[in-house]
Amino acid sequence: MRLRADRPKVTDEEEKALEASVRELSLGQAEIPPPVDAYWQNLPIRINKRVDEATSGKAISLSWAARVAIPGVVAVLSFLIGLRYYAPDRPVTPASLVEATSALPAATVDSLVASSLTVADAGPDESITGWVVSVPHDMASDYLCEYQGTSMLLGDLSDTEVKHLLLALGSSPN
Amino acid sequence: METLTDLELVDEVRGGNRQAFTELMRRHQKKIYWAARRMLGTHADADDIVQETFLKAFMNLGEFRGDAGFFTWIYRIAINLSLNALRKRHLIDYLQESELARKVFPAREDPQKDLEMKELESLVVKAVATLPDKQRAVFVMRYYEELTYEEIAYVLKTSVGGLKANYFHALRKVQEFLKHATAG
């Protein structure tokens with residue numbers, strides 16, 4: 001096997017002889033038809049047009065960066081810095097349930113307790129009130145007797161609520 | 175403008191003188207065109223390559239340091255673009271040969287292809303078209319443009335050593351092709 005390095009080198013004379021032979025063989029052969037003169041005159045104009053398009057695209061992207069991208073980045077950074085340094089401090093501990101309930105108006109608390117009585121027997125999925133506020137019957141009756149009075153309750157509550165309330169108080173609706 | 179050298183014109187272009195760039199194009203467009211045409215065979219492809227070459231040259235003029243002449247620099251761009259176009263053409267030819275492509279894209283009349291085939295009627299063009307890409311590039315640069323091996327090595331970013339052998343093989347193949355064609 002002959003190695004690549006052993007390959008005989010081509011001399012200048014061999015190359016010239018072969019080249020001359022090719023030129024001779026190609027004599028009289030059809031040449032590639034050249035473009036018309038107008039083509040050469042228009043070619044620089046067309047290329048210049050493409051250069052203009054390419055460079056104006058660059059200019060647009062630069063102006064876009066100046067008008068949109070840079071102000072946008074500054075705005076986002078300002079917002080993030082503001083959020084980090086100027087946002088009001090959150091309370092260390094959140095308000096307890098007791099504090100939250102105390103802040104409610106009395107009528108709302110009464111309504112929640114009464115609703116709790118109404119839905120307690122119907123199951124936990126019947127009403128959001130039953131899920132959020134679930135007061136034992138005896139505690140509810142004590143609360144209502146102490147803070148409201150039966151006459152007021154009877155006037156404000158629905159028939160179902162009255163029925164459940166009286167059951168809780170140990171009386172019959174009739 | 176006509177009296178300025180290429181390097182002086184390049185300095186003018188860098189200073190924002192577009193007339194200088196037009197003068198550079200006028201000086202070199204024909205050589206670039208014919209190199210691309212001989213590499214690729216058709217006018218349409220050569221026209222694309224000339225436009226791309228000068229566009230690329232303008233956009234990358236900052237990279238031109240002047241160690242080689244301006245013409246050699248843009249010639250290198252043109253040859254590289256032509257070699258890339260040949261690669262794409264081979265890929266397209268290969269894909270079109272596949273069974274799947276024949277099913278998805280059934281054969282149809284292609285006027286552009288017909289035109290290309292007509293242009294390939296020149297025997298020498300046909301012969302050059304049979305050469306592998308690198309041999310084709312070396313053949314075009316040496317046979318038609320008569321570049322030195324040092325210049326060809328710069329354009330193809332390769333050593334001078336293998337180029338001589340490449341050219342010799344290319345000459346032999348073209349000679350064989352022409353002998354067969356003229357004998358038949």
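In the order they appear, the protein sequences are chains A and B. Okay, so the first sequence: first residue is 1 according to the numbering used here, each after it adds one. Okay, so the second sequence: first residue is 175 according to the numbering used here, each after it adds one. Glycine included, each C-beta is placed from N, C-alpha and C at the ideal position.
Same chain, Cβ closer than 8 Å to residue 318 of chain B, five either side skipped, listed in chain order: Start at 1 with the first residue of the second sequence, and residue 318 of chain B comes out as number 144. Answer for residue 318 of chain B: 208, 209 and 212, listed in chain order.
Work out the CA separation of residue 42 of chain A and residue 78 of chain A for me, nearest whole Å. As a first step, residue 78 of chain A is located in the first sequence; it is residue number 78 there, counting from the start. As a first step, residue 42 of chain A is located in the first sequence; it is residue number 42 there, counting from the start. Cα-Cα distance, rounded: 53 Å.
Of the choices B:184, B:304 and B:269, whose alpha-carbon is the least far from that of residue 239 of chain B? Position 65 of the second sequence, counted from the first residue, corresponds to residue 239 of chain B. Nearest option by C-alpha distance: B:184.
Could you give the C-beta distance for residue 352 of chain B and residue 26 of chain A, rounded to a whole number, given that I count them as a contact under 8 Å? Counted from its first residue, the second sequence places residue 352 of chain B at position 178. Counted from its first residue, the first sequence places residue 26 of chain A at position 26. The distance from the Cβ of residue 352 of chain B to that of residue 26 of chain A is about 6 Å, consistent with a contact at the 8 Å cut-off.
If the cut is a Cβ gap below 8 Å, which residues of chain B does residue 227 of chain A touch? The structure shown has nothing for residue 227 of chain A, since chain A only spans 1 to 174.
Reference residue 252 of chain B, options B:192, B:316, B:177 and B:203, closest by Cα: As a first step, residue 252 of chain B is located in the second sequence; it is residue number 78 there, counting from the start. For residue 252 of chain B, the closest alpha carbon among the candidates B:192, B:316, B:177 and B:203 is that of B:203.
Cβ of residue 44 of chain A less than 7 Å from any chain B Cβ? Here residue 44 of chain A refers to the residue found at position 44 of the first sequence. At least one chain B Cβ lies under 7 Å of residue 44 of chain A.
Assuming residue 15 of chain A contacts residue 313 of chain B (C-beta within less than 8 Å), just tell me the rounded distance between them. As a position in the first sequence, residue 15 of chain A is number 15, starting the count at 1. As a position in the second sequence, residue 313 of chain B is number 139, starting the count at 1. For a cut-off of 8 Å, the C-beta gap from residue 15 of chain A to residue 313 of chain B is around 12 Å, too long to register as a contact.
Under the three-state reduction of DSSP, which class applies to residue 177 of chain B: helix, strand or coil? Here residue 177 of chain B refers to the residue found at position 3 of the second sequence. In this structure, residue 177 of chain B counts as coil in the three-state DSSP scheme.
Under a Cβ-count criterion, where at least 16 other Cβ atoms within 10 Å of its own Cβ denotes burial, should residue 188 of chain B be classed as buried or exposed? Start at 1 with the first residue of the second sequence, and residue 188 of chain B comes out as number 14. With fewer than 16 other Cβ atoms within 10 Å, it is exposed.
Proximity test, Cβ basis, 7 Å: residue 338 of chain B and chain A: By 1-based counting over the second sequence, the position of residue 338 of chain B is 164. Using a CB distance cut-off of 7 Å, residue 338 of chain B counts as an interface residue toward chain A.
Is residue 334 of chain B helix, strand or coil by DSSP? Here residue 334 of chain B corresponds to residue number 160 of the second sequence, with the count starting at 1. Residue 334 of chain B falls in the helix class under three-state DSSP.
C-alpha gap between residue 345 of chain B and residue 321 of chain B, whole angstroms: Here the question's residue 345 of chain B lines up with position 171 in the second sequence. Here the question's residue 321 of chain B lines up with position 147 in the second sequence. Cα-Cα distance, rounded: 15 Å.
Which residue comes first and which comes last in the alpha helix (DSSP H) that contains residue 24 of chain A? Counted from its first residue, the first sequence places residue 24 of chain A at position 24. Residue 24 of chain A -> alpha helix (DSSP H) spans 12-26.
Should residue 56 of chain A be flagged as near chain B, meaning a C-beta pair shorter than 7 Å? Here residue 56 of chain A corresponds to residue number 56 of the first sequence, with the count starting at 1. Taking 7 Å as the threshold, the shortest C-beta distance from residue 56 of chain A to chain B does not fall below it.
So which residues of chain B does residue 13 of chain A contact, with C-beta pairs closer than 8 Å? Stepping through the first sequence from its first residue, residue 13 of chain A is reached at position 13. For residue 13 of chain A, there are no C-beta contacts with chain B under 8 Å, since the nearest C-beta of that chain is about 12 Å from it.
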